[in-house]
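Asker:
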Amino acid sequence: MRLLGRTKELDALATAVEEGLASDLTIVQITGDAGIGKTRMLDELHAELVGIRVGRADCSALEGHLPYVPLASALRMALADVTLDDARLAALGQILPELRLGDMPRFGDVEALEAVVAAVAEHGPLVLLLDDVHLADGETLAALGYLRRRGISLPFVVVTTAMPGEAFPGRRLAGLAVDRAIRLDPLGAADLAPLGIDGLHETTGGNPRFVAEALANDRRPERSETLTEALIAQCRAEGEWAFRLLTAASMLHQPFEPEPLAEVLGAEADGLIEELERLCEQRILRVDGVRFRFRYDLVRRALLSSISPARRRLMCRRLNCSEPASVRAATSAAISEAG
Numbered sequence: 091m092r093l094l095g096r097t098k099e100l101d102a103l104a105t106a107v108e109e110g111l112a113s114d115l116t117i118v119q120i121t122g123d124a125g126i127g128k129t130r131m132l133d134e135l136h137a138e139l140v141g142i143r144v145g146r147a148d149c150s151a152l153e154g155h156l157p158y159v160p161l162a163s164a165l166r167m168a169l170a171d172v173t174l175d176d177a178r179l180a181a182l183g184q185i186l187p188e189l190r191l192g193d194m195p196r197f198g199d200v201e202a203l204e205a206v207v208a209a210v211a212e213h214g215p216l217v218l219l220l221d222d223v224h225l226a227d228g229e230t231l232a233a234l235g236y237l238r239r240r241g242i243s244l245p246f247v248v249v250t251t252a253m254p255g256e257a258f259p260g261r262r263l264a265g266l267a268v269d270r271a272i273r274l275d276p277l278g279a280a281d282l283a284p285l286g287i288d289g290l291h292e293t294t295g296g297n298p299r300f301v302a303e304a305l306a307n308d309r310r311p312e313r314s315e316t317l318t319e320a321l322i323a324q325c326r327a328e329g330e331w332a333f334r335l336l337t338a339a340s341m342l343h344q345p346f347e348p349e350p351l352a353e354v355l356g357a358e359a360d361g362l363i364e365e366l367e368r369l370c371e372q373r374i375l376r377v378d379g380v381r382f383r384f385r386y387d388l389v390r391r392a393l394l395s396s397i398s399p400a401r402r403r404l405m406c407r408r409l410n411c412s413e414p415a416s417v418r419a420a421t422s423a424a425i426s427e428a429g
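Mapping of the sequence shown onto our numbering: position 154 corresponds to residue 244, and the numbering continues sequentially without gaps.
#1: Using DSSP bridges, identify the partner residues of F382.
#2: Sort V107, P245, D176 and R407 by Cα distance to A205 and report the nearest one.
#3: Hey, out of S150, K128, V248 and S243, whose CA is closest to L165's CA?
#4: Give me the Cα-Cα distance between P350 and A271, rounded to the nearest whole angstrom.
#5: On the premise that G295 lies in contact with L266, defined as a C-beta separation below 8 angstroms, what is that separation, rounded to the nearest angstrom?
#6: Pull up the DSSP beta-bridge partners for L189, would you.
#7: Measure the C-alpha to C-alpha separation of M167 and A180 and round it to an integer number of angstroms.
#8: For a quick check, are the C-beta atoms of Q344 and R402 less than 8 angstroms apart?
#9: Please classify M91: is it buried, with 16 or more other beta-carbons within 10 angstroms of its beta-carbon, or exposed?
#10: Pair every Cβ in the segment 227-241 with every Cβ in the segment 108-122, then say whether three or more of these pairs are closer than 8 angstroms.
#11: Would you call the segment 354-367 and the segment 319-326 touching, i.e. three or more CB-CB distances under 8 angstroms?
#12: How do the segment 149-166 and the segment 120-130 stand: do at least 3 beta-carbon pairs fall below 8 angstroms, yes or no?
#13: Could you have a look at V172 and say whether DSSP puts it in helix, strand or coil?
#14: Measure the beta-carbon distance from L135 to A104 and round it to whole angstroms, keeping in mind my assumption that it falls under 8 angstroms.
#15: Identify, in the order they occur along the chain, each residue of the same chain with its Cβ nearer than 8 angstroms to the Cβ of L152, setting aside the five sequence neighbours on each side.
#16: E347 to N297, Cα distance in whole Å?
#17: Can you check the segment 119-176 for any alpha helix (DSSP H) of at least 4 residues that lies completely inside it and give the ranges in chain order?
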């Protein structure tokens with residue numbers, strides 16, 4: 091799908107990279123919800139970086155206990171066409187193990203990072219693209235912080251993508267200072283108008299991932315079974331209690347108040363509200379005045395389609411639904427889309 095509605099953000103990204111390569115080491119961070127188009131922004135930038143050494147890597151939670159993995163992968167790609175001076179840059183072997191020779195002594199982290207500075211000074215300009223940096227290991231994040239302070243007059247730019255910081259409270263990403271932050275918000279109705287699909291913005295919430303799904307689904311703003319399963323799995327990953335809460339909330343008219351939900355689930359209102367607020371931080375729900383609602387209606391409808399008829403009937407009684415027919419209609423529509 092053609093990249094829609096991101097002209098302003100792409101221009102800001104290109105300008106930040108251009109200015110960074112002409113001054114000091116610059117860290118640019120692109121933030122936004124899952125599926126909002128952060129990786130696609132890196133794709134577009136990568137295609138435009140002609141005549142510049144570029145390295146790219148994805149950060150992974152599975153490798154979070156291993157030091158320097160994304161930094162090493164990106165540097166390895168960026169410097170693939172050069173012959174490094176193994177003797178002068180021996181400390182670089184701490185980050186790129188393939189450069190170690192025989193029983194070469196171990197070097198400290200600072201020595202290794204100074205070797206990175208020397209390599210960039212000799213072979214730059216250099217641009218590293220690190221996707222999902224919120225999943226990076228602590229050594230990589232510390233290295234980026236050190237290089238940012240050390241990179242005066244260094245033609246070196248690091249572009250990262252990250253989920254909003256509040257979604258990963260256990261990570262140390264908040265300690266990484268950036269020079270330019272670019273936030274991607276959902277696309278507006280005007281951005282999607284050229285696609286000519288009625289109800290597309292209302293159904294997808296402007297999330298590019300959901301828009302792409304609609305285009306792949308014969309231009310209908312509906313969910314495939316694969317997307318439905320992925321959305322439900324995302325909600326299940328928040329834990330059993332959160333999944334029960336979200337499933338019950340999917341039956342309520344949006345936005346919803348927390349008190350009826352607490353009563354149905356047999357929970358204390360204060361504790362339930364704390365969980366609702368946490369799910370807002372996880373970008374599944376959002377605050378709407380004094381109430382809450384699903385951030386994307388597709389998520390609510392996916393959950394709704396997963397509820398059995400017997401449980402729907404039971405939940406509706408417990409919720410004292412004033413308009414059970416509307417709930418049944420919404421559920422039937424969700425099940426029809428999933429099928």
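Using N, Cα and C, we set each Cβ at its ideal position, and we do this for glycine too. Quick caveat, the model's predicted, so the values are computed rather than measured.
Answerer: According to the data block:
#1: F346 and V377
#2: D176
#3: V248
#4: 40 angstroms
#5: Actually they are not in contact, since the Cβ atoms of L266 and G295 sit about 29 angstroms apart, beyond 8 angstroms.
#6: According to DSSP, which records beta bridges pairwise, L189 is partnered with nothing at all.
#7: 18 angstroms
#8: no
#9: With a pLDDT of 47 at M91, under the threshold of 50, the modelled position of that residue is not reliable, and no figure is offered here.
#10: yes
#11: no
#12: no
#13: coil
#14: 7 angstroms
#15: none
#16: 25 angstroms
#17: 128-138 and 159-168
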